[in-house]
Amino acid sequence: MLVADTLWIKWVHTYIIKDQCLWAMEVPCDASWTMRKLLGLRRLGQSLIKYQIGNGERTFLWWDNWHPLGLLYDRFGDRVVHNVGRSLRAKVASIVENGAWRWPRLRNHLIQTIVSHTQNLVPHPEMVDSVIWVPHPSGIFTIKSAWEAIREKFPIQPRFKVIWGSHNVPRWSFILWLAALHRLSTKDRLRNWGMALDALCCLCQDEEESHHHLFFDCSYSTRGNVSWDTFRFVSLKSTLTATVYGLWQERNSRIFCAKMKDHTQVATDIANGIRAFLSSRRNVKQSLQNRSICEIWGLPHRIMQSV
Ligand SMILES: [Zn+2]
2 MLVADTLWIK WVHTYIIKDQ CLWAMEVPCD ASWTMRKLLG LRRLGQSLIK YQIGNGERTF
62 LWWDNWHPLG LLYDRFGDRV VHNVGRSLRA KVASIVENGA WRWPRLRNHL IQTIVSHTQN
122 LVPHPEMVDS VIWVPHPSGI FTIKSAWEAI REKFPIQPRF KVIWGSHNVP RWSFILWLAA
182 LHRLSTKDRL RNWGMALDAL CCLCQDEEES HHHLFFDCSY STRGNVSWDT FRFVSLKSTL
242 TATVYGLWQE RNSRIFCAKM KDHTQVATDI ANGIRAFLSS RRNVKQSLQN RSICEIWGLP
302 HRIMQSV
């Protein structure tokens, strides 16, 4: 691995890696919990880093991903290492001489396969080896490309676009996301975990509190009326997320702060939140519908595109 110019990376190289091969080294017994976890995950990134050979002095022959066939040790194992006569800690430079490959001349067909695949690679003795981050087209590491490369992928759920995006305040989205997954700590779930709680919904005091009840059945939640049916696009999505967030806030305020508002006040607060959020938008397309939404909400005209 090349040594980046940051204090932490230099510290890791000096006190943890100590010139060993990152991929093959044992996890030090005295390493911190974080470092042990990081080293435990290193194989995830091994094939995502490609080495471009310059003089070969910084690239490990058997462990780094520089050869067209991939990681040589993973593919060919100890016997080939033994036959080639280069140690497990050998660098690529050990098979380069005067800018050309100098593999041992052996009849072993595995070694001949390795050698034949290096014919199109040319070492550059005047250059140092460079590292390419494979998942990003620029070859430069980014957190997003790393996450995309290692995460398990599932089909995008239709609800994703309703919950997440610039049409919502992140804290609203987060609560709606938990609600959609039935992961809010509603009383029915807490009781299932063995907590001794009264089961009644604190908004209506009528039925058992659950996700379905809070957001679909509760007489308190369904009483609010802020003319939702006139909204479209952004305002529709914002309305859904803001409403779920507002009801959950009111429920928590009653339980944890002993403060309560009537449904009219909660609906007004939700509407004010949506109005403030919509007012912060810019360059909204000029259309009859959008002008109508602006009028209903009393939004400033500056949010519309200039004609
Ligand atoms: Zn209720």
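Each residue of the sequence shown is one higher than the one before, counting from 2 in our numbering. Beta carbons are placed, not taken as given, at the ideal position from N, Cα and C, and that holds for glycine.
Quick one: Cα of residue i to Cα of residue j, how far?
{"i": "S117", "j": "V163", "result": "54 Å"}
{"i": "Q53", "j": "T15", "result": "24 Å"}
{"i": "G46", "j": "V170", "result": "34 Å"}
{"i": "I112", "j": "A91", "result": "16 Å"}
{"i": "Q158", "j": "W178", "result": "12 Å"}
{"i": "E153", "j": "M36", "result": "24 Å"}
{"i": "G166", "j": "T242", "result": "11 Å"}
{"i": "K262", "j": "S307", "result": "40 Å"}
{"i": "A25", "j": "N84", "result": "19 Å"}
{"i": "S139", "j": "K38", "result": "28 Å"}
{"i": "R192", "j": "S293", "result": "46 Å"}
{"i": "V13", "j": "F77", "result": "30 Å"}
{"i": "T240", "j": "Y246", "result": "10 Å"}
{"i": "H168", "j": "P156", "result": "22 Å"}
{"i": "C219", "j": "N253", "result": "15 Å"}
{"i": "D20", "j": "K11", "result": "11 Å"}
{"i": "A1", "j": "L107", "result": "The requested residue 1 does not occur in the structure, where the chain is confined to residues 2 to 308."}
{"i": "W9", "j": "I17", "result": "11 Å"}
{"i": "N1", "j": "Q290", "result": "Outside the shown range of the chain (2 to 308) lies residue 1, about which nothing can therefore be said."}
{"i": "C202", "j": "K51", "result": "57 Å"}
{"i": "P136", "j": "S174", "result": "29 Å"}
{"i": "I304", "j": "A180", "result": "31 Å"}
{"i": "I141", "j": "V132", "result": "9 Å"}
Would you decide whether residue i is buried or exposed? Buried here means 16 or more other CB atoms lie within 10 Å of its CB.
{"i": "T187", "result": "buried"}
{"i": "E296", "result": "exposed"}
{"i": "G71", "result": "exposed"}
{"i": "R288", "result": "In the sequence under discussion, the amino acid at residue 288 is Ser, which differs from the Arg named in the question. Classification for S288: exposed."}
{"i": "V267", "result": "buried"}
{"i": "E210", "result": "buried"}
{"i": "P124", "result": "buried"}
{"i": "G55", "result": "buried"}
{"i": "D230", "result": "Bear in mind that a pLDDT of 40 at D230, under 50, signals an unreliable position, so the number given afterwards is only what the model happens to contain. Per the 10 Å Cβ criterion, exposed."}
{"i": "T60", "result": "buried"}
{"i": "T244", "result": "buried"}
{"i": "L198", "result": "exposed"}
{"i": "E27", "result": "exposed"}
{"i": "A200", "result": "exposed"}
{"i": "E98", "result": "exposed"}
{"i": "L42", "result": "exposed"}
{"i": "E149", "result": "exposed"}
{"i": "S222", "result": "buried"}
{"i": "F216", "result": "buried"}
{"i": "H264", "result": "buried"}
{"i": "G195", "result": "exposed"}
{"i": "C30", "result": "exposed"}
{"i": "H214", "result": "buried"}
{"i": "G57", "result": "buried"}
By the three-class DSSP mapping on this structure, what secondary structure does residue i have?
{"i": "E58", "result": "coil"}
{"i": "N291", "result": "helix"}
{"i": "W173", "result": "helix"}
{"i": "I157", "result": "coil"}
{"i": "D6", "result": "coil"}
{"i": "K286", "result": "coil"}
{"i": "M128", "result": "coil"}
{"i": "Q53", "result": "strand"}
{"i": "V81", "result": "helix"}
{"i": "V116", "result": "helix"}
{"i": "A101", "result": "strand"}
{"i": "I17", "result": "helix"}
{"i": "W194", "result": "coil"}
{"i": "W63", "result": "coil"}
{"i": "L45", "result": "helix"}
{"i": "W1", "result": "No statement about residue 1 is possible, as the shown extent of the chain runs from 2 to 308 and does not include it."}
{"i": "I133", "result": "strand"}
{"i": "M261", "result": "coil"}
{"i": "G140", "result": "coil"}
{"i": "M36", "result": "helix"}
{"i": "E208", "result": "coil"}
{"i": "L201", "result": "strand"}
{"i": "G247", "result": "helix"}
{"i": "H68", "result": "strand"}
Exercise answer, beta-carbon shell around ligand 1 heavy atoms below 5 Å:
C202, L204, C205, C219
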